[in-house]
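**Q** Note that the protein sequences, when read in sequence, are chains A and C. Quick note: the first sequence uses our numbering, first residue 1, plus one each step. Quick note: the second sequence uses our numbering, first residue 100, plus one each step.
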Amino acid sequence: MATISRDDVQHVAHLARLHLTDDEVDRMQTQLSNILDAIETLRHLDTSHVGPTASVIQLENVMREDEVVSGLTRDAALANAPLRDDPFLRVPTVLQEGR
Amino acid sequence: MTLPIADRTITELGELLRTRELSSRELTDACLSRIDRDAGRLNSFLAIGAEAAQRAADDADMALARGGAEGRPLLGIPYALKDIFVTRALDDAGQDLPGGLPTTAGSRILEGYRSPYPSSAQERLDMAGAILLGKTNCDEFAMGSSNENSAYGPVRNPWDETTVPGGSSGGSSTAVAGGQAVFALGTDTGGSIRQPASLTGTVGLKPTYGRVSRWGMIAFASSLDQCGPFGRSVRDVALVLGALAGHDPRDSTCVNTPVSDYATALTGDVKGLRLGVPREYFVAGMQPGVETAVRAGIETLRGLGAEIVEVSLPSTDRGLATYYIIAPAEASANLARFDGVRYGRSAAAEALWENYTHTRGSGFGPEVKRRIMLGTYALSAGYYDAYYVKAQQVRTLIKDEFDAVLETVDAILAPTSPNVAFKIGAKVDDPLAMYLNDACTLPVNIAGLPGISVSCGLSGGLPVGLQVIGRAFDEATVLRVADAYERAAGFADLRPPTAHA
Chain A
1 MATISRDDVQ HVAHLARLHL TDDEVDRMQT QLSNILDAIE TLRHLDTSHV
51 GPTASVIQLE NVMREDEVVS GLTRDAALAN APLRDDPFLR VPTVLQEGR
Chain C
100 MTLPIADRTI TELGELLRTR ELSSRELTDA CLSRIDRDAG RLNSFLAIGA
150 EAAQRAADDA DMALARGGAE GRPLLGIPYA LKDIFVTRAL DDAGQDLPGG
200 LPTTAGSRIL EGYRSPYPSS AQERLDMAGA ILLGKTNCDE FAMGSSNENS
250 AYGPVRNPWD ETTVPGGSSG GSSTAVAGGQ AVFALGTDTG GSIRQPASLT
300 GTVGLKPTYG RVSRWGMIAF ASSLDQCGPF GRSVRDVALV LGALAGHDPR
350 DSTCVNTPVS DYATALTGDV KGLRLGVPRE YFVAGMQPGV ETAVRAGIET
400 LRGLGAEIVE VSLPSTDRGL ATYYIIAPAE ASANLARFDG VRYGRSAAAE
450 ALWENYTHTR GSGFGPEVKR RIMLGTYALS AGYYDAYYVK AQQVRTLIKD
500 EFDAVLETVD AILAPTSPNV AFKIGAKVDD PLAMYLNDAC TLPVNIAGLP
550 GISVSCGLSG GLPVGLQVIG RAFDEATVLR VADAYERAAG FADLRPPTAH
600 A
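1. Cα-Cα, which of C:G269, C:G166, C:E239, C:A283 is closest to C:I176?
2. Between the C-alpha atoms of C:R189 and C:E506, what's the straight-line distance to the nearest angstrom?
3. Would a check of beta-carbon distances place C:G315 closer than 9 angstroms to chain A?
4. So what's C:R124 in DSSP terms, helix, strand or just coil?
5. Is C:M242 buried or exposed, if buried means 16 or more other CB atoms sit within 10 Å of its CB?
6. Indicate whether at least one CB of chain A lies closer than 9 angstroms to the CB of C:Y483.
7. Would C:L173 pass as a contact of C:G233 if the rule is Cβ separation under 9 angstroms?
8. For the pair the segment 490-503 of chain C and the segment 39-59 of chain A, tell me if three or more CB-CB distances fall below 8 angstroms.
9. Is C:D368 helix, strand or coil when you go by DSSP?
10. Quick check: the Cα distance between C:T108 and C:D135, rounded to an integer number of angstroms?
11. Does DSSP classify C:L180 as helix, strand or coil?
12. For C:G308, collect the residues of the same chain with a Cβ closer than 6 angstroms to its Cβ; drop the 5 residues on either side in sequence, then sort them by chain order.
13. Give me, in chain order, the residues of the same chain whose beta-carbon lies closer than 6 angstroms to that of C:A364; leave out the 5 immediate sequence neighbours on both sides.
14. Tell me the residue span of the beta strand (DSSP E) that contains C:P328.
15. So, do the segment 4-18 of chain A and the segment 454-471 of chain C have three or more beta carbon pairs nearer to each other than 8 angstroms?
16. From the DSSP secondary-structure annotation, give me the bridge partner or partners of C:P357.
17. So the beta strand (DSSP E) C:A105 belongs to, where does it begin and stop?
18. Which residues, in order along the segment 62-76 of chain A, keep a beta-carbon less than 8 angstroms from a beta-carbon of chain C?
19. If you measure from the beta carbon of A:T3 to each beta carbon in chain C, is any gap under 9 angstroms?
20. On a CA-only basis, which of C:I407, C:T203, C:E390, C:V358 is nearest C:C539? Give me that one, please.
21. For the alpha helix (DSSP H) containing C:K489, list its first residue and its last residue.
22. Could you give the first and the last residue of the continuous alpha helix (DSSP H) run that contains C:K468?
23. For the segment 182-200 of chain C and the segment 71-82 of chain A, state whether three or more C-beta atom pairs, one from each stretch, are separated by less than 8 angstroms.
24. Roughly how many whole angstroms lie between the Cα atoms of C:S479 and C:G418?
25. Are the segment 334-344 of chain C and the segment 244-254 of chain C in contact at 8 angstroms, needing three or more beta carbon pairs?
26. Please report the residue range of the alpha helix (DSSP H) in which C:R378 lies.
27. Looking only at DSSP bridge pairs, what is C:V410 linked to?
28. Does the segment 314-334 of chain C come close enough to the segment 279-297 of chain C to have 3 or more Cβ pairs within less than 8 angstroms?
29. Give a yes or no on whether the minimum CB-CB distance between A:R27 and chain C is below 9 angstroms.
30. Please list, in chain order, the chain A residues whose beta carbon lies closer than 8 angstroms to that of C:P530.
31. Take C:L565 and list the residues in its own chain whose beta-carbon comes closer than 6 angstroms to its own, dropping the five residues that flank it on each side.
32. Can you list, in chain order, the residues of its chain whose CB lies under 7 angstroms from that of C:R171, leaving out five sequence neighbours each side?
33. Got a sec? Which residues, its chain only, sit under 8 angstroms from C:D106 by beta carbon, not counting five neighbours each side?
34. Within 8 angstroms, do at least three Cβ pairs link the segment 135-155 of chain C to the segment 250-261 of chain C?
35. Can you find a C-beta in chain A that's less than 9 angstroms from the C-beta of C:L189?
36. In terms of residues, what are the limits of the alpha helix (DSSP H) holding C:A392?
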């Protein structure tokens, strides 16, 4: 039985940059524990001689000519930004006192 | 009985368009009036571009009048795109393009997003002369098996409006089943094309991983995602695949291998083909009516001269656990881009950290949060080897078993979904019960193989799907088997009650 504590949930939420309400933390604790229990079945499988598969296709580096091609314009790239200060994206305060 | 225009196949409609007995404008208007009548109630569309579609149809009619249909089977055919494909809605100056459609991925976090570039899928279908009608509803970021995880509400199945149309491409399956689009595109990460096709009596194809470009398809799990068509016949999806398939330098995983002429593979003949039936796919929990219909489908193929052999894929029951590590892990990385800075919703908090966490906390729905949490956990220090590496090792086992079986048979036959469409709300509180819907489809994504769902009749008045799985890049055989079955079985003209209303 996988045991996930409230602290575990909050730690993972912190890593994922996800704000969860207290109710969500409670629900997540139960649901993640149940899902992890179902996933635990893999643990008992001997895979010591099996290599991992990250992708089913064999990828090779592909080189192209170093030519200038047109891409997204700055105006188009900025058009969806919630906050902008042309020609820049604007972000909230990054560093705060005491943090 | 002659079906209404809006409910016919590309093959039939293409012939009427070429002979000018029907115009693309009339066909487009027939789909739009079905959308007008039913799409609000069924909640199948998130954006509709009626005027742009009518203009494109008029252009297609001019091309058709000049004999431009030669080698362009999709010219003048109206279709819908799952709202996970970006559609260009901004010009180079960042201004709204007239008729441009927004893209939401079924999420609040992208509400109002207007893409400055088109997806490869949209570009290729534009080139093929197909008419874009609109964007279909889907589970948020394609995470779900019932379309109940859309931030914009559930989609209803036209066969029984109290049931789900499957997911995550539920708007696309409903649009095609309900005569709102002649074909539609979906995406399939663990069954999101095949399972909704099964639940709506349509044909749904997931091509081989790497067959179709994923450029402009909002990423869920990058090693599993693939784009593919819904249609009303196997021939229809073969024609759409022909327009979509092929190398795209903008997607590094889109393989540069030759594209077959899929329609010519549809010989109707399966004599001498060896088709494997994996015993692990007929499991406890499968509805008896589904098993009966699928077994009858297998007998139909035997009757056509295919050799049916029992095969074994022993790691099948590990598929679900493997998938629910790999897919959430990749999703947690892909969804990190939604930060409230460059596009999409922003919580407008005073400090950057809170802006991240509150934007994401309020912008993502419950299932997306669950999967981000699960994936982040599986990738976190101390758990990476036990979960993520382990799942990748089991992925090797699952793939190797498929490869070994497919050396002895030409294709594999299985159920698509263990059940028919279920009631809206029946599984929303039990994520694990919901995940089981994809037990028969997600191993195919894990192995990267092509798979199709074709209707094999009704159980209790609701459609059942037969799944055909093939070797990597051998869509031709998958389509050939499904087409031969479809012709012999006679279920291709089954339509939901809405088609005859």
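For every residue, glycine included, the Cβ atom is placed at its ideal position computed from N, Cα and C. No experiment lies behind these values; they were computed from the predicted model shown.
**A** Here's the rundown:
1. Counted from its first residue, the second sequence places residue 176 of chain C at position 77. C:I176 has its Cα closest to that of C:A283, out of C:G269, C:G166, C:E239, C:A283.
2. Walking along the second sequence from the start, residue 189 of chain C turns up at place 90. Walking along the second sequence from the start, residue 506 of chain C turns up at place 407. According to the sequence displayed, residue 189 of chain C carries Leu and not Arg. Going from the Cα of C:L189 to the Cα of C:E506 covers about 49 angstroms.
3. Taking the second sequence and counting its residues from 1, one reaches residue 315 of chain C at position 216. With 9 angstroms as the cut-off, C:G315 does not count as an interface residue toward chain A.
4. Within the second sequence, numbered from 1, the residue matching residue 124 of chain C stands at position 25. If DSSP states are grouped into helix, strand and coil, C:R124 belongs with the helices.
5. Mapped onto the second sequence, residue 242 of chain C falls at position 143. The residue in question, C:M242, is buried, as its Cβ has 16 or more Cβ neighbours within 10 Å.
6. In the second sequence, counting from the first residue as 1, residue 483 of chain C sits at position 384. By this cut-off, C:Y483 is not an interface position.
7. By 1-based counting over the second sequence, the position of residue 173 of chain C is 74. By 1-based counting over the second sequence, the position of residue 233 of chain C is 134. Between C:L173 and C:G233, the CB-CB gap reaches or exceeds 9 angstroms.
8. The segment 490-503 of chain C vs the segment 39-59 of chain A: in contact.
9. Within the second sequence, the letter at position 269 stands for residue 368 of chain C. Here C:D368 sits in coil by DSSP.
10. As a first step, residue 108 of chain C is located in the second sequence; it is residue number 9 there, counting from the start. As a first step, residue 135 of chain C is located in the second sequence; it is residue number 36 there, counting from the start. Each residue's Cα considered, the two are about 20 angstroms apart.
11. Translated into positions along the second sequence, residue 180 of chain C becomes position 81. Shown here, C:L180 sits in a strand according to DSSP, grouped into three states.
12. As a working note, residue 308 of chain C is residue 209 in the second sequence. Note that residue 308 of chain C corresponds to Tyr in the displayed sequence, not to Gly. Within the same chain, C:Y308 has close Cβ partners Q325, G547.
13. Stepping through the second sequence from its first residue, residue 364 of chain C is reached at position 265. These residues qualify, in order along the chain: A575, L578, R579.
14. Start at 1 with the first residue of the second sequence, and residue 328 of chain C comes out as number 229. DSSP places C:P328 inside the beta strand (DSSP E), whose first and last residues are 325-330.
15. Contact between the segment 4-18 of chain A and the segment 454-471 of chain C is present, with at least three C-beta pairs closer than 8 angstroms.
16. Walking along the second sequence from the start, residue 357 of chain C turns up at place 258. Answer is none; C:P357 lacks a bridge partner.
17. Counted from its first residue, the second sequence places residue 105 of chain C at position 6. No beta strand (DSSP E) contains C:A105, which DSSP labels as neither H nor E.
18. Hits within the stretch, in order: V62, R64, L72, T73, D75, A76.
19. Taking the first sequence and counting its residues from 1, one reaches residue 3 of chain A at position 3. So no, A:T3 is outside the interface.
20. Walking along the second sequence from the start, residue 539 of chain C turns up at place 440. That would be C:E390, whose Cα lies nearest to the Cα of C:C539.
21. Residue mapping note: residue 489 of chain C aligns to position 390 of the second sequence, counting from 1. Segment 489-507, the alpha helix (DSSP H) holding C:K489.
22. The count along the second sequence starts at 1 and reaches residue 468 of chain C at position 369. In the DSSP annotation of this structure, the continuous segment of the alpha helix (DSSP H) that includes C:K468 starts and ends at 465-478.
23. The segment 182-200 of chain C vs the segment 71-82 of chain A: in contact.
24. Here residue 479 of chain C refers to the residue found at position 380 of the second sequence. Here residue 418 of chain C refers to the residue found at position 319 of the second sequence. Their backbone Cα atoms lie some 22 angstroms apart in a straight line.
25. With the cut-off at 8 angstroms, the segment 334-344 of chain C and the segment 244-254 of chain C do not touch.
26. The residue labelled residue 378 of chain C in the question sits at position 279 within the second sequence. Segment: none, C:R378 is in no alpha helix (DSSP H) and carries neither H nor E.
27. As a first step, residue 410 of chain C must be located in the second sequence, where it is residue number 311. C:V410 is bridged by DSSP to C:P377.
28. Yes: at least three Cβ pairs fall under 8 angstroms.
29. Here residue 27 of chain A is taken as the residue at index 27 of the first sequence, counted from 1. Using a Cβ-Cβ cut-off of 9 angstroms, A:R27 counts as an interface residue toward chain C, since at least one Cβ of chain C sits closer than that to its own.
30. For the purposes of this step, residue 530 of chain C is taken as the residue at position 431 of the second sequence. In chain order, Q31, N34, I35 make up the part of chain A whose C-beta sits under 8 angstroms from the C-beta of C:P530.
31. Sequence index remark: in the second sequence, residue 565 of chain C carries index 466 (1-based). Leaving aside the five residues that flank C:L565 on each side, the residues in its chain whose CB is nearer than 6 angstroms to its CB run, in chain order, V393, G396, V553, C555.
32. Counted from its first residue, the second sequence places residue 171 of chain C at position 72. Cβ-Cβ distances below 7 angstroms link C:R171 to A227, G228 in the same chain, with the five nearest sequence neighbours on each side left out; the list follows chain order.
33. Taking the first residue of the second sequence as 1, we reach residue 106 of chain C at position 7. Taken in chain order, the residues that qualify are G278, R331, R594, A598.
34. Segments in contact, yes.
35. Here residue 189 of chain C refers to the residue found at position 90 when the second sequence is read from its first residue. Closer than 9 angstroms to some Cβ of chain A, the Cβ of C:L189 qualifies, so yes.
36. Start at 1 with the first residue of the second sequence, and residue 392 of chain C comes out as number 293. From DSSP, the alpha helix (DSSP H) with C:A392 extends over 387-402.
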